[in-house]
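*Asks:*
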Amino acid sequence: MSVSPVLPLAARRTCLLAGAASLLGLAGCAATRSTERAEPYANQEWLQSGANRIANLSLRDNLQSIRRVQTTLYRRNPREWRKSAANVDDASQRAWDAVLKGPDLPELRGATGIEAIRLAFETGPQAYQGDRVAALVVGWASMLKQANGGTWEQTMIDGVDAENSYRAARNFEISLWLISSKTAPDGQPLLLATEISERGRNLVADRELSKVVARLDLLAAQADEKYRRAALDFGQNWVMGVVMPFFTMLPK
3 MSVSPVLPLA ARRTCLLAGA ASLLGLAGCA ATRSTERAEP YANQEWLQSG ANRIANLSLR
63 DNLQSIRRVQ TTLYRRNPRE WRKSAANVDD ASQRAWDAVL KGPDLPELRG ATGIEAIRLA
123 FETGPQAYQG DRVAALVVGW ASMLKQANGG TWEQTMIDGV DAENSYRAAR NFEISLWLIS
183 SKTAPDGQPL LLATEISERG RNLVADRELS KVVARLDLLA AQADEKYRRA ALDFGQNWVM
243 GVVMPFFTML PK
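Using the working numbering, the first residue of the sequence shown is number 3, and each one after it goes up by one.
(1) Please list the terminal residues of the continuous alpha helix (DSSP H) segment that includes P1.
(2) What does DSSP give as the partner residue(s) for N204 in the beta ladder?
(3) With 16 other CB atoms within 10 Å as the buried threshold, where does S183 fall?
(4) Alpha carbon to alpha carbon, what distance is there between L138 and Y76?
(5) DSSP beta-bridge partners for P191?
(6) Quick one: measure Cβ to Cβ for L49 and T157, integer angstroms, because I've assumed they're closer than 8 Å.
(7) Taking 8 Å as the threshold (C-beta atoms), are S94 and D133 in contact?
(8) Return helix, strand or coil for P108, following the three-state DSSP convention.
(9) Grab the span of the alpha helix (DSSP H) containing I119 for me, first residue to last.
(10) In this structure, how does DSSP classify I159 when only helix, strand and coil are distinguished?
(11) Take N54 and list the residues in its own chain whose beta-carbon comes closer than 8 Å to its own, dropping the five residues that flank it on each side.
(12) So, with DSSP's three-state summary, where would you put N150?
(13) Got a sec? Which residues, its chain only, sit under 6 Å from K213 by beta carbon, not counting five neighbours each side?
(14) Helix or strand or just coil, what does DSSP make of Q128?
(15) May I ask you to report which of helix, strand or coil DSSP gives A87?
(16) Among the candidates K147, R70, P127, whose CA atom is the shortest distance from the CA of T114?
(17) By the three-class DSSP mapping on this structure, what secondary structure does K213 have?
(18) Restricting to Cα atoms, I'd like to know which of D226, A195, R111 is closest to N79.
(19) Let me make sure I understand the geometry here. Which of E210, A207, L192, T185 has the alpha-carbon closest to that of R81?
(20) So for D92, helix, strand or coil by DSSP?
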């Protein structure tokens, strides 16, 4: 009976290291698998923690949701964009220029956040005469920026303000309720948004604003957890980094 030759210790180590490297390579390929939503690395990203990155992605998606709602409101309420521009595209761009670059919209008289939202729904003898949809966009976007730590792009020196994020979520809920319930003096809806009729269903405002609320609530919960988990995370990292290697050295 023939006996299989036993590899020398050095050769066995080489084989084990080669196998481990292959497994790590396969794991690396799986871990870096791209998705349709993936973005290339940016220089600014090296200054961001994982929590910063999640907050920035949430802000990006929330702003996109606001744009979709703005488009729907302008389509169903053309009188609003006609107050400020010659066409709907110019009106949309005017609102976002005021949000992202300035100067502020003069008709808002410096109002941002919840004050701009209140103006958008103002009726009566001193009813707001400006573009109500633009006022909502400015109000919503400025609340999102405040909840994001007062910046459009967080780095490690920034963070989500849990209280501001929670309050912003409630203000978005109130905005959605006002859009669906607020009426003009003649009894007609102040802003048309949701539509369920024989022509079809248009629930963009409901769906997108509900997404914004959910993201803000999750960010608020994460920000609340950050300090509570700080000591526990430190302890876990210390155990995994310092103690665990000693356990691997013990004979089995």
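Using N, Cα and C, we set each Cβ at its ideal position, and we do this for glycine too.
*Replies:* Concretely, from the data shown:
(1) Nothing can be reported for residue 1: it is not among the residues displayed for the chain, which extend from 3 to 254.
(2) For the purposes of this step, residue 204 is taken as the residue at position 202 of the sequence shown. Paired residue(s): E197.
(3) Here residue 183 refers to the residue found at position 181 of the sequence shown. Exposed.
(4) For this step, residue 76 is matched to residue 74 along the sequence shown. For this step, residue 138 is matched to residue 136 along the sequence shown. Approximately 12 Å between the Cα atoms of the pair.
(5) Position 189 of the sequence shown, counting from 1, holds the residue named residue 191. Paired residue(s): T185.
(6) The residue given as residue 49 occupies position 47 in the sequence shown. The residue given as residue 157 occupies position 155 in the sequence shown. Going by Cβ atoms, the distance from L49 to T157 rounds to 4 Å, so yes, they are a contact pair.
(7) As a working note, residue 133 is residue 131 in the sequence shown. As a working note, residue 94 is residue 92 in the sequence shown. The answer is no: Cβ separation not under 8 Å.
(8) The sequence position of residue 108 within the sequence shown is 106, counting from 1. Residue state, collapsed to three classes: helix.
(9) For the purposes of this step, residue 119 is identified with residue 117 of the sequence shown, where counting begins at 1. Run containing I119: 115 to 122, per the alpha helix (DSSP H) assignment.
(10) Taking the sequence shown and counting its residues from 1, one reaches residue 159 at position 157. Coil.
(11) Against the sequence shown, residue 54 aligns to sequence position 52. Non-local beta-carbon contacts of N54 in its own chain, meaning distances under 8 Å to residues more than five positions away in sequence, involve Q156, T157, M158, D160, G161 in chain order.
(12) Stepping through the sequence shown from its first residue, residue 150 is reached at position 148. Note: N150 maps to coil in three-state DSSP.
(13) Numbered from 1 along the sequence shown, position 211 holds the residue referred to as residue 213. For K213, where only same-chain residues beyond five positions count, the Cβ hits under 6 Å are S67.
(14) Position 126 of the sequence shown, counting from 1, holds the residue named residue 128. In the structure shown, Q128 sits in coil (DSSP, three-state: anything other than H, G, I, E or B).
(15) Stepping through the sequence shown from its first residue, residue 87 is reached at position 85. Correct three-state label for A87: coil.
(16) Sequence index remark: in the sequence shown, residue 114 carries index 112 (1-based). If we check each option's Cα against that of T114, K147 comes out closest.
(17) In the sequence shown, residue 213 corresponds to position 211, counting from 1. Helix.
(18) For the purposes of this step, residue 79 is identified with residue 77 of the sequence shown, where counting begins at 1. Closest by alpha carbon: A195.
(19) Along the sequence shown, one-based indexing puts residue 81 at 79. When each option's Cα is compared against that of R81, the closest is L192.
(20) As a working note, residue 92 is residue 90 in the sequence shown. D92: helix per DSSP, three-state reduction.
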